[in-house]
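Protein chains in written order, with this note's numbering: chain A, 709 to 909; chain B, 709 to 909; chain C, 709 to 909; chain D, 709 to 909.
4 protein chains.
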Amino acid sequence: MPRLPTATKEDTLIETRQRLLETAAAEFASNGFASANINHISTLAGYAKGTIYNYFPSKRSLMLALIDEIGAKHTNFIVTQVMSADDPVQRVRQFFHAGFAFVEQNPLQARIAISIVYGHDEEFKQRIYQTYERLFNLIIQDIVESGITHGDFKTIDSSATAGMLMSLYLGSCSQLDSDGKIFFDPGQVAAFALEGLQLRG
Amino acid sequence: MPRLPTATKEDTLIETRQRLLETAAAEFASNGFASANINHISTLAGYAKGTIYNYFPSKRSLMLALIDEIGAKHTNFIVTQVMSADDPVQRVRQFFHAGFAFVEQNPLQARIAISIVYGHDEEFKQRIYQTYERLFNLIIQDIVESGITHGDFKTIDSSATAGMLMSLYLGSCSQLDSDGKIFFDPGQVAAFALEGLQLRG
Amino acid sequence: MPRLPTATKEDTLIETRQRLLETAAAEFASNGFASANINHISTLAGYAKGTIYNYFPSKRSLMLALIDEIGAKHTNFIVTQVMSADDPVQRVRQFFHAGFAFVEQNPLQARIAISIVYGHDEEFKQRIYQTYERLFNLIIQDIVESGITHGDFKTIDSSATAGMLMSLYLGSCSQLDSDGKIFFDPGQVAAFALEGLQLRG
Amino acid sequence: MPRLPTATKEDTLIETRQRLLETAAAEFASNGFASANINHISTLAGYAKGTIYNYFPSKRSLMLALIDEIGAKHTNFIVTQVMSADDPVQRVRQFFHAGFAFVEQNPLQARIAISIVYGHDEEFKQRIYQTYERLFNLIIQDIVESGITHGDFKTIDSSATAGMLMSLYLGSCSQLDSDGKIFFDPGQVAAFALEGLQLRG
DNA sequence: CATGAATGAGGATTCATTCAT
DNA sequence: TATGAATGAATCCTCATTCAT
Numbered sequence: 709m710p711r712l713p714t715a716t717k718e719d720t721l722i723e724t725r726q727r728l729l730e731t732a733a734a735e736f737a738s739n740g741f742a743s744a745n746i747n748h749i750s751t752l753a754g755y756a757k758g759t760i761y762n763y764f765p766s767k768r769s770l771m772l773a774l775i776d777e778i779g780a781k782h783t784n785f786i787v788t789q790v791m792s793a794d795d796p797v798q799r800v801r802q803f804f805h806a807g808f809a810f811v812e813q814n815p816l817q818a819r820i821a822i823s824i825v826y827g828h829d830e831e832f833k834q835r836i837y838q839t840y841e842r843l844f845n846l847i848i849q850d851i852v853e854s855g856i857t858h859g860d861f862k863t864i865d866s867s868a869t870a871g872m873l874m875s876l877y878l879g880s881c882s883q884l885d886s887d888g889k890i891f892f893d894p895g896q897v898a899a900f901a902l903e904g905l906q907l908r909g
Numbered sequence: 709m710p711r712l713p714t715a716t717k718e719d720t721l722i723e724t725r726q727r728l729l730e731t732a733a734a735e736f737a738s739n740g741f742a743s744a745n746i747n748h749i750s751t752l753a754g755y756a757k758g759t760i761y762n763y764f765p766s767k768r769s770l771m772l773a774l775i776d777e778i779g780a781k782h783t784n785f786i787v788t789q790v791m792s793a794d795d796p797v798q799r800v801r802q803f804f805h806a807g808f809a810f811v812e813q814n815p816l817q818a819r820i821a822i823s824i825v826y827g828h829d830e831e832f833k834q835r836i837y838q839t840y841e842r843l844f845n846l847i848i849q850d851i852v853e854s855g856i857t858h859g860d861f862k863t864i865d866s867s868a869t870a871g872m873l874m875s876l877y878l879g880s881c882s883q884l885d886s887d888g889k890i891f892f893d894p895g896q897v898a899a900f901a902l903e904g905l906q907l908r909g
Numbered sequence: 709m710p711r712l713p714t715a716t717k718e719d720t721l722i723e724t725r726q727r728l729l730e731t732a733a734a735e736f737a738s739n740g741f742a743s744a745n746i747n748h749i750s751t752l753a754g755y756a757k758g759t760i761y762n763y764f765p766s767k768r769s770l771m772l773a774l775i776d777e778i779g780a781k782h783t784n785f786i787v788t789q790v791m792s793a794d795d796p797v798q799r800v801r802q803f804f805h806a807g808f809a810f811v812e813q814n815p816l817q818a819r820i821a822i823s824i825v826y827g828h829d830e831e832f833k834q835r836i837y838q839t840y841e842r843l844f845n846l847i848i849q850d851i852v853e854s855g856i857t858h859g860d861f862k863t864i865d866s867s868a869t870a871g872m873l874m875s876l877y878l879g880s881c882s883q884l885d886s887d888g889k890i891f892f893d894p895g896q897v898a899a900f901a902l903e904g905l906q907l908r909g
Numbered sequence: 709m710p711r712l713p714t715a716t717k718e719d720t721l722i723e724t725r726q727r728l729l730e731t732a733a734a735e736f737a738s739n740g741f742a743s744a745n746i747n748h749i750s751t752l753a754g755y756a757k758g759t760i761y762n763y764f765p766s767k768r769s770l771m772l773a774l775i776d777e778i779g780a781k782h783t784n785f786i787v788t789q790v791m792s793a794d795d796p797v798q799r800v801r802q803f804f805h806a807g808f809a810f811v812e813q814n815p816l817q818a819r820i821a822i823s824i825v826y827g828h829d830e831e832f833k834q835r836i837y838q839t840y841e842r843l844f845n846l847i848i849q850d851i852v853e854s855g856i857t858h859g860d861f862k863t864i865d866s867s868a869t870a871g872m873l874m875s876l877y878l879g880s881c882s883q884l885d886s887d888g889k890i891f892f893d894p895g896q897v898a899a900f901a902l903e904g905l906q907l908r909g
């Protein structure tokens, strides 16, 4: 049915797989993994029930593939933009800007990632942590430790600080107003992360 | 089986309900709402399948009752301790101390609360936001705005700041090490919230 | 609760039983036996769940007791009025008049009786046929055969004719208009039974 | 298991549906709707539990589909045969002959129809009345009113008379002897309907 | 590769019934 | 005798998965 005559066989395979991952994202984002309906996913993608099993051996493995995809995309998106700045302070700002932009451009994927991070499924959690390892390392080394070395940041526990930056990021970008837009401004959050609440003496 | 001959009828009712809520917390915390098994809950509580329906009309309403309980307990726990300090800066520290203590003492309840806040079920989300309204108001008024008035904090958007403090709290207290202990130290997080990353000039 | 202080113990027993039978009639009439809820019955009667089992060993036996009561009442009601007429033709008219009057005065009981007669439960059917035996005999002997003997009626199969009269009765009295009133007039039905459709040559 | 390799897909679908409707008829006829077991139906039809839900969204909708089928078949069967006679008196006889023949050939379906007409489920009742509308109109116009016009029948209320004919039909065809055969002879019932009990002067 | 009918384990929910008080 | 908390068998329905076509 969705057969593009000009595409090679392999292209078609990849396209179908991609289409399935996209509709899976929609379904998982709105219903969560356990309540998601595999039938909806293939139907929405324009395929029959069974097709999904030609691409993924199970519902769970579909989710795992989706997690991998989301994690890679999310990480790439942020890493690229953070590294385009040289100054650690600028990198913090870039981190929140890029992070929020990703959420705005990929709301379904972001919702899935966040609900997994804060959810109860240990396998999914492990998997998403793996895919975010590069992002964590970036924050630890290229943001926090780099900032300490540069004399911009306090000599703080870099790993814990990375965790707090991630918490701040994931928490604030999941607070949406009634239109589904992120409630916060990335600059605001970056300022909070950099300067905190207190007035400087 | 759980027939306490010395207890009055009403006491028994309340005890049974409480027992069911506790085992429900365990089940919901480890499996999430959709994957939780109502039979497990009653069986773990020492009752037969049907008993739960003498107390709650449905699985969903059991969850809602649990949310109400968790929200009230969580809010009370934190509000009481925050208000025991007078100084806004101290209150921020108290907020994280009390918050982390609650999570340590009620890990199941905390997991449920966090997974709902960052999850996909809109009804549960709304319900938990309701129960946390008092806590939000506390952060806005008695921490942030009070700190601004006292000249301790910058003149920041108090509502957004409250959201960031909550994000920081929920995010950091849900990062556990391999023993299930919270990875962070509340003082550390409070310091981050108060002072941020940057060195003061 | 429904405790009349002036009544003797036995009276109370009988009254309670009666009250239970009445509310049972309401429940069985509107929901049918299988869908009837035993709890509704006792609650509507003003008693607790368990009380019904002090009077009837099971839901089924409650229905059987109700069938007995309905059958006896129905039979008595019609037999008495039919026998008050001497002429077989008049008796036919009385049969329909009395029968329709019973239905009007006891709509719930009538509904139950009719749904059992045309229903699928063999035990209930047998039981209601037993309680209607006297009524059948009345129609056969004191209406049809008596009419044949008197020279009023054709020499027809009296047993089959009794069945047709009952069919006509039960069928027409269960056709209700939108107000729940019987759609037919007993005189009309009696005339049909006596004279049929055809014009007399 | 019921994989007919020679049949087209659509044929298989229709056959399976038909098979399910037939076994459903057996189950509903012997146990009534509320006590019928959906698993029995599919198992008896040679399918697994879930298969029925590929064809009917619920037990209730299965019954509704069955009602539609029964009503259509029943109506067609009688209408065709009644209209094959021209004389209203003959049509009355045909009505009972055809009606009784239908019951003999479709005992399960007939039982279901009758128990619904005289049962307590309003939705089922409404549905079956809809499917019998054509039959009612036939009796009113093409039997009774036609008979009045021809000068064969008295000038009676045609709608009420139709109701009485239906009552007589449904009531008498549901009286079975111990072998499950209809107790009455259609000619006998037709004679009763045409001439009544009384001797003609 | 795509299909979709069939499967059947799994799970929420109902409710007649019991029995200790 | 009346109560109502507890029971657990029974049953509808869902849906991930299989597999013949």
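Glycine included, C-beta positions come from ideal geometry on N, C-alpha and C.
Review point. Taking 8 Å as the CB-CB cut-off, is A733 (chain B) touching chain A?
Key: Not closer than 8 Å to any Cβ of chain A, the Cβ of A733 (chain B) fails to qualify, so no.
Review point. R908 (chain B) CB to nearest chain A CB: under 8 Å?
Key: Yes, R908 (chain B) lies at the interface with chain A (some Cβ there is under 8 Å from its Cβ).
Check your understanding: Quick one: is S823 (chain B) buried, meaning 16 or more other Cβ sit within 10 Å of its Cβ, or exposed?
Key -> Buried.
Exercise for review: Helix, strand or coil for L843 (chain B), going by three-state DSSP, please let me know.
Suggested key: L843 (chain B) falls in the helix class under three-state DSSP.
Exercise for review: Look at the Cβ atom of A742 (chain A), then the Cβ atom of S743 (chain B), and state whether they are nearer than 8 Å.
Suggested key: In contact: A742 (chain A) and S743 (chain B) (Cβ atoms closer than 8 Å).
**Study point:** Exposure of L907 (chain D), with buried meaning 16 or more beta-carbon neighbours within 10 Å
**Key:** Residue environment analysis places L907 (chain D) among the exposed positions, since fewer than 16 neighbouring C-beta atoms fall within 10 angstroms of its C-beta.
Check your understanding: In three-state DSSP terms, what is I890 (chain C)?
Key -> Correct three-state label for I890 (chain C): strand.
Review point. R819 (chain C) versus chain D: which residues are under 8 Å apart at the beta carbon?
Key: For R819 (chain C), the residues of chain D that pass the 8 Å Cβ criterion are H828, in the order they occur in the chain.
Review point. Do the segment 870-880 of chain A and the segment 856-863 of chain B touch if we need at least three Cβ pairs shorter than 8 Å?
Key: Pairwise C-beta distances place the segment 870-880 of chain A out of contact with the segment 856-863 of chain B, as fewer than three of them are shorter than 8 Å.
Review point. Can the beta-carbon of V790 (chain A) be found closer than 8 Å to that of A806 (chain A)?
Key: Yes, these two residues count as a Cβ contact at 8 Å.
**Study point:** Pairwise C-alpha distance: F804 (chain A) and D795 (chain A)
**Key:** In a straight line, the C-alpha of D795 (chain A) is about 15 Å away from that of F804 (chain A).
Point to revise | chain C contact residues for V897 (chain D), given Cβ-Cβ distances below 7 Å | key: Within chain C, the C-beta atoms nearer than 7 Å to that of V897 (chain D) come from M872, in chain order.
**Study point:** Separation of I778 (chain C) from E730 (chain B), as counted between CA atoms
**Key:** E730 (chain B) and I778 (chain C) have their C-alpha atoms roughly 51 Å apart.
Check your understanding: With a CB to CB cut of under 7 Å and the five nearest residues on each side skipped, what residues in its chain are close to A901 (chain C)?
Key -> Result list for A901 (chain C): V800, L873 and L876, in chain order.
Point to revise | Any chain D beta carbon closer than 8 Å to G855 (chain C) | key: Taking Cβ atoms only, chain D reaches closer than 8 Å to G855 (chain C), which makes this a yes.
Point to revise | Cross-strand partners of Q704 (chain D) (DSSP beta bridge) | key: The displayed coordinates of chain D run from 709 to 909. Any statement about residue 704 (chain D) would go beyond what the structure contains.
Check your understanding: Among A:A818, A:A733 and A:G754, which residue has its Cα nearest to the Cα of K767 (chain A)?
Key -> That would be A:A733, whose Cα lies nearest to the Cα of K767 (chain A).
Check your understanding: What does a CB cutoff of less than 7 Å around A780 (chain A) pick up in its chain, not counting 5 residues either side in sequence?
Key -> Cβ neighbours of A780 (chain A) beyond the five flanking positions: T839.
**Study point:** Per-residue contacts from N747 (chain B) into chain A (C-beta, under 8 Å)
**Key:** Result: empty, since nearest Cβ-Cβ is about 16 Å, beyond 8 Å.
Review point. Do you know how far the Cα of K889 (chain B) is from the Cα of I847 (chain A)?
Key: The straight-line gap from Cα to Cα measures roughly 23 Å.
Practice item. Look at the alpha carbon of L712 (chain D) and the alpha carbon of A870 (chain C), and state the distance between them as a whole number of angstroms. Key: Confidence is the limiting factor: at L712 (chain D) the pLDDT is only 39, short of 50, which leaves the residue's position unreliable, though a coordinate-based value still follows. Approximately 52 Å, taken between the alpha carbons.
**Study point:** According to DSSP, residues forming a beta bridge with L884 (chain D)
**Key:** Note: L884 (chain D) sits in a beta bridge opposite D:I890.
Review point. Does the distance from the C-beta atom of F810 (chain A) to that of I786 (chain A) stay below 8 Å?
Key: Yes, Cβ-Cβ distance for F810 (chain A) and I786 (chain A) is below 8 Å.
Point to revise | CB contact check: F892 (chain C) to chain D, cutoff 8 Å | key: True, the Cβ-Cβ gap to chain D drops below 8 Å.
Check your understanding: Using 8 Å as the limit for Cβ to Cβ distance, is A793 (chain C) near chain D?
Key -> Answer no: the Cβ-Cβ gap between A793 (chain C) and chain D never drops below 8 Å.
Review point. In the structure shown, what three-state DSSP assignment does S766 (chain A) receive?
Key: Coil, per DSSP.
Exercise for review: Could you tell me which chain D residues have their CB closer than 7 Å to the CB of I682 (chain C), listed as they occur along the chain?
Suggested key: Nothing can be reported for residue 682 (chain C), as the shown portion of chain C is limited to 709 through 909.
Check your understanding: Apart from the five residues on each side of it in sequence, which residues of its chain come closer than 6 Å, Cβ to Cβ, to K757 (chain D)?
Key -> Excluding residues up to 5 positions away in sequence, N747 and S750 lie with their Cβ nearer than 6 Å to the Cβ of K757 (chain D) in the same chain.
Check your understanding: Can you tell me whether DSSP reads G754 (chain C) as helix, strand or coil?
Key -> Note: G754 (chain C) maps to coil in three-state DSSP.
Check your understanding: Anyone know if the C-beta pair for R842 (chain D) and T788 (chain D) falls short of 8 Å?
Key -> Result no, Cβ atoms of R842 (chain D) and T788 (chain D) do not sit closer than 8 Å.
Review point. Going by the beta-carbon positions, is the gap between H828 (chain D) and G740 (chain C) smaller than 8 Å?
Key: In contact: H828 (chain D) and G740 (chain C) (Cβ atoms closer than 8 Å).
Review point. How far does the alpha helix (DSSP H) with A793 (chain A) in it reach, from first residue to last?
Key: For A793 (chain A), there is no enclosing alpha helix (DSSP H), since its DSSP letter is neither H nor E.
Exercise for review: Let me know if I851 (chain A) comes out buried or exposed under the rule of 16 or more other beta-carbons within 10 Å of its beta-carbon.
Suggested key: With 16 or more other Cβ atoms within 10 Å, it is buried.
Practice item. Compute the distance between the beta-carbons of R835 (chain B) and A737 (chain B), then report whether it is under 8 Å. Key: No. Outside cutoff.
Review point. With burial defined as no fewer than 16 other Cβ atoms inside 10 Å of the residue's Cβ, what is the status of Q817 (chain B): buried or exposed?
Key: The residue is buried, with at least 16 neighbouring Cβ atoms inside 10 Å.
Practice item. Check the Cβ-Cβ distances between Q838 (chain C) and every residue of chain D, and say whether any is below 8 Å. Key: It does not; no Cβ of chain D falls within 8 Å.
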